[in-house]
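A.B. asks: Can you read through this structure? Questions will come right after.
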Amino acid sequence: MFWSNYFIPTLKDTASEDAQVISNSLMLKSGMIRKNASGIYTWLPLGLRVLNKVENIVREEMNNAGAHEVLMPMVQPKDLWNESKRWDKFGPELLRFKDRHDRDFCLGPTHEEVITDLIKNNVKSYKELPLNIYQIQTKFRDEIRPRYGVMRSREFLMKDSYSFHLSEESLEETYQIMRNAYSKIFERIGLDFKIVKADSGAIGGDKSEEFHVLAENGEDTLAVSDKSDYAVNAELLLENGQDSKSLVGQESPDGNGLLEITKGIEVGHIFQLGKLYSENMNATVLDDSGKAKNMHMGCYGIGISRIVAAAIEQNFDDKGIIWPKSISPFDLNIITIGADKDKNIEASSRKLYKELTQKGFEVVLDDRDDGFGKKIKDSELIGVPVSIVFGKNFTDHKKVEIIFRNGEKVASALNEVEEII
RNA sequence: CGGGGUAUAGCGCAGUCUGGUAGCGCACUCGCUUUGGGAGCGAGUGGUCGUAGGUUCAAAUCCUACUACCCCGACCA
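FYI, in the numbering used here the residues of the first sequence are 283 to 703.
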């Protein structure tokens, strides 16, 4: 990718009102996103690269966990939501509208209805279970107050999966598989996270746990034990109006250690739904004695777009974003300085670009007609882990300078570059 | 929905109190000089001041209504 032909509209400033939370400010400044309406964003090329990387890691781990990808409709008919009794229950967060025939529809905030309908019409025998189906798709929730950029937006990208089982034991087994897959996803991305017990909320069901990325700007307050791995969403321990600070120093409910308070961003949530939906929607299979049984269900969500913001909240400095390597939009940024003075610079930088690209690195070549200051500032802002500079030192001594995002600099001959990075 | 704000050039802002030729910085275009920490000089482009009404000789500025957006709260896989 040549920067001069690419579309990375970086900004020096954002409106003070948009700068309330660091990830939003940096995503706007680095040219990753632009706002279209409250809680609704366009993903620009740079942002989309990151979003796609997160998406692909999630997809790989879902496939490894034995889940199968589908794509369900975003537009859903009222009938289905009547079956689950949620058309009336869901409230104004469900964006409803009518088609030209005056029929009621909504934009899917989640897909329990669609998937349950699909499975009950196409799976008849216990022999076809367990089944774990997922999709990666845009969700719409008409939040009362969208905020913090893509962290709490109305339209967002989510991976949601749903599992179907004959028995509770089978559900428990898949639940654990998904729990492990989720842990692996956040480990692979390189985020500091915690699994906490949670309220299952409007979705309903028996058991649920949330995955939180730990960050000061998190919307949720977590209570964690200082001795054991006990962790819980603090709201579960609080009486009405009680301050979460009052939990600090209390004995952990698991009897092991004292509670501490930390802030988290909820990026994943896994549920054991039990038979809630299968009973409401009459989703059954025949068991080995030929009797119709309501299926046990689990559902598992990950906020793909929210992970991007959460990763920034956990990895930034005063210069900009510091991407974990796993989701950086580029591995390397090759910067040329004064290329029209020294024709060698253009030729050599393009040659290196080509070589590294062929070796599998994702490289951007900053060939813009600008000085060092602007280019390195942009490189730091967009958070690329490594910059390689062709400048004076190359003209004089045939050496490039390798600058890591942490500020370390190394002069290097061209044939040593690959080793150093 | 309650409370608090904001809306003027692509972006960031001043001007509004006290009505009188639409401003600044950045960006952008052209030229020349530059090119290792957001370059310099010169010349330019770009706005019916959120929308609709009203007051006035005259409205970005005063009045009324509306809309959008942001923050706090309630809410929230």
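Built from N, CA and C at the ideal position, the CB exists for glycine as well.
Small disclaimer: the values here were computed from a predicted structure and weren't measured.
1) Would you mind stating whether P606 and G472 have Cβ atoms separated by less than 8 Å?
2) Assuming contact is defined by CB atoms lying nearer than 8 Å, are D649 and T618 in contact in what I supplied?
3) DSSP three-state label for M283, please.
4) State the Cα-Cα distance for the pair C664 and I670, rounded to the nearest angstrom.
5) Roughly how far, in whole angstroms, is the beta-carbon of I594 from the beta-carbon of I603, given that I think they are within contact range, below 8 Å?
6) Among L330, N597, K489, R436, which residue has its Cα nearest to the Cα of G313?
7) Would you kindly work out how many angstroms separate the C-alpha atoms of E395 and M563, rounded to a whole number?
8) With DSSP as the reference, identify every bridge partner of M440, one or two as the case may be.
9) Do you know offhand how far K311's Cα is from K441's?
10) Can you tell me whether R461 is helix, strand or coil according to DSSP?
11) Is it buried or exposed, C481, if we count other Cβ atoms within 10 angstroms and call 16 or more buried?
12) Would E375 and R427 be called neighbours here (beta carbons separated by less than 8 Å)?
13) Three-state secondary structure (DSSP) at K519?
14) Based on Cα-Cα distance, which residue from D381, A565, K573 lies nearest to E365?
15) What does the alpha-carbon distance come out to for the pair I627 and G673?
16) Between D569, G539, L439, M577, which lies nearest to L555 when the distance is taken from Cα to Cα?
17) Could you check whether the region 283 to 291 touches the region 379 to 398, counting it as contact only if at least three pairs of C-beta atoms, one from each stretch, sit closer than 8 Å?
18) Could you tell me the distance, in whole angstroms, from the CA atom of I584 to the CA atom of E450?
19) T503 and I543 look like a contact to me (Cβ under 8 Å); what is the Cβ gap, rounded to whole Å?
20) Which partner residues of M579 appear in the DSSP bridge assignment?
21) Exposed or buried, what is V530 when buried is set at 16 or more other beta-carbons lying within 10 Å of its beta-carbon?
22) Work out the CA separation of L496 and L614 for me, nearest whole Å.
23) Helix, strand or coil, according to DSSP, for R429 in the structure here?
24) Using only CA atoms, which one of K421, R588, I459, D295 lies nearest to N501?
C.D. replies: According to the structure shown:
1) yes
2) yes
3) coil
4) The displayed chain sequence assigns Ile, not Cys, to residue 664. Each residue's alpha carbon lies about 15 Å from the other.
5) 5 Å
6) L330
7) 8 Å
8) Beta-bridge pairing links M440 to Q419, G585.
9) 27 Å
10) helix
11) The question names Cys, yet the displayed sequence has Asp at residue 481. Exposed: under 16 other Cβ atoms inside 10 Å.
12) no
13) Residue identity differs from the one stated: residue 519 is Leu in this sequence, not Lys. In this structure, L519 counts as coil in the three-state DSSP scheme.
14) For E365, the nearest C-alpha among the options comes from A565.
15) Looking at the two C-alpha atoms, the distance is approximately 8 Å.
16) M577
17) no
18) Distance from the CA atom of I584 to the CA atom of E450, rounded to whole angstroms, is 23 Å.
19) 6 Å
20) F446, G556
21) exposed
22) Distance between the alpha carbons of L614 and L496: 27 Å.
23) Of the three classes helix, strand and coil, the one that applies to R429 here is strand, per DSSP.
24) A quick correction: the sequence has Glu, not Asn, at residue 501. If we check each option's Cα against that of E501, R588 comes out closest.
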